[in-house]
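Heads up: the sequence lines are chains L and V, in that order. Count along the first sequence starting at 1, add 50, and that's the number in the numbering used here. Count along the second sequence starting at 1, add 332, and that's the number in the numbering used here. Glycine residues also receive a C-beta, built at the ideal position from the N, C-alpha and C atoms.
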Amino acid sequence: MKLDPRIPTGPLTEKWSHYREHVKLVSPGNKRKYKVLVVGSGLAGASAAASLGELGYQVESFCYQDSPRRAHSIAAQGGINAAKNYHNDGDSVFRLFYDTIKGGDFRAREANVYRLAQTSVHIIDQCVAQGVPFAREYGGLLDNRSFGGAQVSRTFYARGQTGQQLLIGAYQALERQIGLGTVKMFARHEMLELIVVDGVAKGIVVRDMVSGKIESHMADAVCLATGGYGNVFYLSTNAKGCNTTANWRAYKKGAAFANPCYTQIHPTCIPVSGDHQSKLTLMSESLRNDGRVWVPKRKEDCGKHPSEIPEADRDYYLERKYPSYGNLAPRDISSRSAKEVCDEGRGVGPTGLGVYLDFADSIRRLGKHKIQEKYGNLFEMYERITDENPYEVPMRIYPAVHYTMGGLWVDYELMSTVPGLFVLGEANFSDHGANRLGASALMQGLADGYFVLPYTIGNYLANVKPTDRPSADHTEAKKAEQAVQSRIEKLLSIKGKTTPAHFHRELGKIIWDYCGMARNEAGLKKALALVQDLKKRFWSDVCVPGKGESLNQALEHAGRVADFIELGELMCRDALQRTESCGGHFREEWQTSDGEAKRDDDRFCHVAAWEYQGESQDPLRHEEPLHFENVELATRSYK
Amino acid sequence: MKLKLKVWRQPDAHTPGRMVDYTAEAQPDMSFLEMLDVVNEGLILKQEEPIAFDHDCREGICGSCSMVINGRPHGPRDRTTTCQLHMRSFQDGDTVVVEPWRSSAFPIQKDLVCDRSSFDRIIASGGFISAPTGSAPDANALPIRKSDADRAFDAAACIGCGACVAACPNASAMLFVSAKISHLGKLPQGQPERYTRALSMVEQMDAEGFGSCTNHGECEAACPKGISVENIAQMNRDFLKASVSQRPEVASGGAG
Chain L
51 MKLDPRIPTG PLTEKWSHYR EHVKLVSPGN KRKYKVLVVG SGLAGASAAA
101 SLGELGYQVE SFCYQDSPRR AHSIAAQGGI NAAKNYHNDG DSVFRLFYDT
151 IKGGDFRARE ANVYRLAQTS VHIIDQCVAQ GVPFAREYGG LLDNRSFGGA
201 QVSRTFYARG QTGQQLLIGA YQALERQIGL GTVKMFARHE MLELIVVDGV
251 AKGIVVRDMV SGKIESHMAD AVCLATGGYG NVFYLSTNAK GCNTTANWRA
301 YKKGAAFANP CYTQIHPTCI PVSGDHQSKL TLMSESLRND GRVWVPKRKE
351 DCGKHPSEIP EADRDYYLER KYPSYGNLAP RDISSRSAKE VCDEGRGVGP
401 TGLGVYLDFA DSIRRLGKHK IQEKYGNLFE MYERITDENP YEVPMRIYPA
451 VHYTMGGLWV DYELMSTVPG LFVLGEANFS DHGANRLGAS ALMQGLADGY
501 FVLPYTIGNY LANVKPTDRP SADHTEAKKA EQAVQSRIEK LLSIKGKTTP
551 AHFHRELGKI IWDYCGMARN EAGLKKALAL VQDLKKRFWS DVCVPGKGES
601 LNQALEHAGR VADFIELGEL MCRDALQRTE SCGGHFREEW QTSDGEAKRD
651 DDRFCHVAAW EYQGESQDPL RHEEPLHFEN VELATRSYK
Chain V
333 MKLKLKVWRQ PDAHTPGRMV DYTAEAQPDM SFLEMLDVVN EGLILKQEEP
383 IAFDHDCREG ICGSCSMVIN GRPHGPRDRT TTCQLHMRSF QDGDTVVVEP
433 WRSSAFPIQK DLVCDRSSFD RIIASGGFIS APTGSAPDAN ALPIRKSDAD
483 RAFDAAACIG CGACVAACPN ASAMLFVSAK ISHLGKLPQG QPERYTRALS
533 MVEQMDAEGF GSCTNHGECE AACPKGISVE NIAQMNRDFL KASVSQRPEV
583 ASGGAG
């Protein structure tokens, strides 16, 4: 396997414009002859399907939910970055690029990140034109706020529901194309296999989740916009249905999986309350604009009511350790700091795994009304879940799995190592390095879907003959359908004594304990053994009632858990091999004397991409070296 | 706490359903869906099919939840989706009746799962602003009065769950449709298509088999996002104006 990133030559600032000016085009009359499949309908998928439909391609769009509007991008709260510099505070494309590269701990490709920063400004224009009701100031112009890892205000937002509003914008654009007949929608359809003909992606096998029917869809190109794999941890802020199955099927058909160990643990989530917990809820990072994070200085004070702990006995640890960024230190650093103080025994709440996020100062300074306007829905959500009023008592928060920077390897054109298979949004690995900054996920999803893929896919399709598209009775399609069918039959036939959810919880605990916020060699080796054992038990003891030919949620879950188990193993493998600390990947053996991550640029300034070698063999690790020509590899400091 | 559940079970769209009794053990901190998860775990271990229900984000924003609990869509707590309803809203020993949304425009697919694609088709008929990718002017080129933007946002907060339809004695979808018409109609970008939008969305809504509004106001009371019936008045105004003022499109319009 050769990893060629295919980065255009020329100066960084001109790569993308040069690429667009010289890329191959498909003429309007020919576009309608090509069929493109888009799997997933979140920001990346919906924007891609809508844009490709507008261009005139025949598009088929798939999602597992009952409507494309429900994809989990909808839950993003805080905002979306763009280098508009509307606030005259010194922002620029280069600064957004630099913050994102630095935020990712110098483990992302310069050219991709620069392109992301360049397209960020067009995203805001596009969304406003679609009617996305971003927050505005009294003069009628767009408002901004600050987010972690940046010293400028460049985050556009729509109350605490930015993801919802952006997704509805993309969904409406998608529905418009569905109405016009350029896009055909397949809701409640789950992709269970990739069809590869002569080494090229030519279709997918899906299961109609209502009737259980297995069918093949053939195409000239396949795009996966299927999101991240945070649910490998069982408890995460992802939606319950988010899964890695589409990506994992692609990996097993030859798409390299890059940097699986890079996962983001978000610092501000509502703490776990008990064993029954089914998911975790994020409290937007934007809250750290006005909330101050603290724990008691002394262990003895942890049981006290926060109002009984005087100012002098509180440790505002982020402000203390990172004076220049304070409470807006990046996510990986904030999460690790929270873990540290809780490990020292200074955590708060019934489990001791929590820190305070306190708004008292801001309420005094700005008034309750202002805070309500900015964060009203978040405060309400918090109260509903915890039964505590955050206007009066500080919120309690703790880190939780939120995002995965790793994903399928793609080149500059977003194409994976399987020709014809494109990967967009969180599902790919490309733009966030080892840690994603806040308000960058929405930006990347929409950049890929609206502004990158519509160009790059043309460059691929221009060399493909639509007459070469195989039909659904091609032997490879039949083989893939058969594989799906036998897997389903196998799951239904085991009739064991353990539920899919039980296995999922067990997997999540292993990965959280040994491949979570801090990792070490012994733990990862132990985790590998535990996961391998779990896999054996799963395939001999899982219990899936019902049949394949009907709506069967236990069967859906079991299939996803089976893939998560295998992915969990790959994550541990990747984490074990990367003997350095960077971003969200913190190896305890590699830290500075004051507990900060210690990178090893001599040995690890590269992307690790894993190639599947079959059931009985270990996967192969490939490296794509990262070249930094425009920024200096600096120690990432927020002090 | 111990509860008695009466749950609608229906194997598929074509087989009649019935209420089935279960008992559930719960803790006050659990969400309603987590309580059902526990019931389902028990059923799976008995090789019985779990109760099928739609859910995804479990944080009140995706709009998947669709359960009528004790006769109220999303249950007893105001402005709360089922996934955000916690068991502390119930008492030990309560009997809880759980049914799917009921409307002929939302046919049941299994147990508590129904087909809400009629909502998608209504959006596809005109619930958008035509702004093809790449055609947008600078975002600040057109200032929008803050109060207009805020009102548009209030209407745009709809999550498309369909509780309004489930609550309405006529199974009317007018709160959902009007929220979209208001959201886009309040913004300057939405003006060119404002009246054709009202006509085509209402036409699609009728074609899907939703009933008419007779001003019960149950929709607003059941809406987890507090979408106001004021939007329906706005929609009626736009629709009426459009009905008398919109001329048919000129066939040769724009031909070159």
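Going by other Cβ atoms of all chains shown within 10 Å of its Cβ, with 16 needed for buried, is L:Lys152 buried or exposed?
-> Result: buried.
Hey, out of V:Thr347, V:Asn563, V:Phe364 and V:Pro464, whose CA is closest to V:Val428's CA?
-> Of the candidates V:Thr347, V:Asn563, V:Phe364 and V:Pro464, V:Phe364 places its Cα closest to the Cα of V:Val428.
If you measure beta-carbon to beta-carbon, which residues of the stretch 590-614 of chain L are closer than 8 angstroms to chain V?
-> Per Cβ criterion, the list reads Cys593, Val594, Pro595, Gly596, Ser600, Leu601, Asn602, Gln603 and Ala604.
Beta-carbon separation of L:Asp193 and L:Arg186 under 7 angstroms?
-> Cβ distance < 7 angstroms, so L:Asp193 and L:Arg186 count as in contact.
If we call anything under 7 angstroms between Cβ atoms a contact, is L:Arg299 one with L:Leu244?
-> In this structure, L:Leu244 lies closer than 7 angstroms to L:Arg299 by Cβ.
Buried or exposed: V:Asn563, going by 16 or more other Cβ atoms within 10 Å of its Cβ?
-> Counting Cβ neighbours within 10 Å, V:Asn563 comes out buried, since at least 16 surround it.
How about V:Met537 and V:Ala505: are their beta carbons less than 7 angstroms apart?
-> For the 7 angstroms CB-CB criterion, V:Met537 and V:Ala505 form a contact.
So L:Lys689 is in the beta strand (DSSP E); what residue range does that whole segment cover?
-> Per DSSP, L:Lys689 belongs to no beta strand (DSSP E) and is neither H nor E.
State yes or no: is the beta carbon of V:Ala471 nearer than 7 angstroms to at least one beta carbon in chain L?
-> Cβ-Cβ to chain L under 7 angstroms: yes for V:Ala471.
With 16 other CB atoms within 10 Å as the buried threshold, where does L:Lys134 fall?
-> So L:Lys134 ends up on the buried side.
Are three or more beta carbon pairs between the stretch 70-83 of chain L and the stretch 502-510 of chain L nearer than 8 angstroms?
-> As far as the Cβ criterion goes, the stretch 70-83 of chain L touches the stretch 502-510 of chain L, which means the pair count is three or higher.
Span separating the alpha-carbon of V:Val339 from that of L:Tyr164 | Computed Cα separation, rounded: 54 angstroms.
Ordered list of alpha helix (DSSP H) runs contained in the stretch 560-598 of chain L, each at least 4 residues = List check, alpha helix (DSSP H) in window: 571-591.
What is the residue span of the alpha helix (DSSP H) that L:Glu539 lies within?
-> Thr525 to Ile544 is the extent of the alpha helix (DSSP H) around L:Glu539.
For a contact meaning CB atoms closer than 8 angstroms, what does V:Ser449 contact in chain L?
-> The contacting residues are Asp116, Ser117 and Ala237.
At a Cβ cut of 8 angstroms, what residues of the stretch 484-508 of chain V count as close to chain L, listed as they run along the chain?
-> Cβ contacts with chain L: Ala484, Phe485, Ala488, Ala489, Ile491 and Gly492.
Starting from the beta carbon of V:Lys442, find every residue of chain L whose beta carbon is closer than 8 angstroms, and list them in chain order.
-> The answer, in chain order, is Val260, Ser600 and Leu601.
For V:Cys555 and chain L, any beta-carbon pair shorter than 7 angstroms?
-> Not one chain L Cβ lies under 7 angstroms of V:Cys555.
L:Ala208 - DSSP class collapsed to helix/strand/coil | Of the three classes helix, strand and coil, the one that applies to L:Ala208 here is coil, per DSSP.
Secondary structure of V:Pro556, DSSP reduced to three states = In the structure shown, V:Pro556 adopts coil according to DSSP, grouped into three states.
Say whether chain L places a C-beta atom closer than 7 angstroms to the C-beta of V:Glu391.
-> Chain L contact via Cβ: present.
Comparing the CB of V:Gln359 with every heavy atom of the ligand FAD, is any distance shorter than 6 angstroms?
-> Absence of the ligand FAD from the depicted structure is noted, as is the absence of any ligand whatsoever, leaving it without description.
For chain L, find out if any of its Cβ atoms is closer than 7 angstroms to the Cβ of V:Gly522; answer yes or no.
-> At a cut-off of 7 angstroms between C-beta atoms, V:Gly522 counts as an interface residue with respect to chain L.
In angstroms with no decimal places, state the Cα-to-Cα distance between L:Leu332 and L:Tyr312.
-> Rounded to whole angstroms, L:Leu332 and L:Tyr312 show a C-alpha spacing of 19 angstroms.
Can you tell me the Cα-Cα spacing of V:Phe385 and V:Asn402, whole angstroms?
-> Looking at the two C-alpha atoms, the distance is approximately 16 angstroms.
Determine the contact status of V:Ser396 and V:Pro408, defining contact as a CB-CB distance below 7 angstroms.
-> Taking 7 angstroms as the Cβ cut-off, V:Ser396 and V:Pro408 do not qualify as a contacting pair.
When the distance is taken between beta carbons, is L:Gly499 closer than 7 angstroms to L:Leu474?
-> Contact check for L:Leu474 against L:Gly499 passes: the beta carbons are separated by less than 7 angstroms.
If contact means a Cβ-Cβ distance below 9 angstroms, which residues of the stretch 537-570 of chain L contact chain V?
-> Sequence-ordered contacts of the stretch 537-570 of chain L with chain V read Lys545, Lys547, Thr548, Thr549, Pro550, Ala551 and His552 [C-beta pairs closer than 9 angstroms].
Where are the beta strand (DSSP E) runs, 3 residues long or more, that stay fully inside the stretch 287-338 of chain L, in chain order?
-> Inside the stretch 287-338 of chain L, DSSP marks whole beta strand (DSSP E) runs of 3 or more residues at positions 313-319, from first to last along the chain.
What's the C-alpha gap between L:Phe144 and L:Leu191?
-> For L:Phe144 and L:Leu191, the distance between alpha carbons rounds to 24 angstroms.
Do L:Gly129 and L:Ala491 have their CB atoms nearer than 7 angstroms?
-> It is not a contact, given that the beta carbons lie outside the stated cut-off.
Measuring only between beta-carbons, confirm whether V:Arg350 sits less than 7 angstroms from chain L.
-> At a cut-off of 7 angstroms between C-beta atoms, V:Arg350 does not count as an interface residue with respect to chain L.
Looking at the structure shown, is L:Ser111 part of a helix, part of a strand, or coil, going by DSSP?
-> Correct three-state label for L:Ser111: strand.
Completely contained alpha helix (DSSP H) runs for the stretch 60-89 of chain L, where each covers 4 or more residues = Here the runs fully enclosed are 65-72 and 78-81.
First through last residue of the alpha helix (DSSP H) which encompasses L:Ala410 | Segment Ala410 to Leu416, the alpha helix (DSSP H) holding L:Ala410.
List the DSSP bridge partners of V:Gly543.
-> Paired residue(s): V:Ser504.
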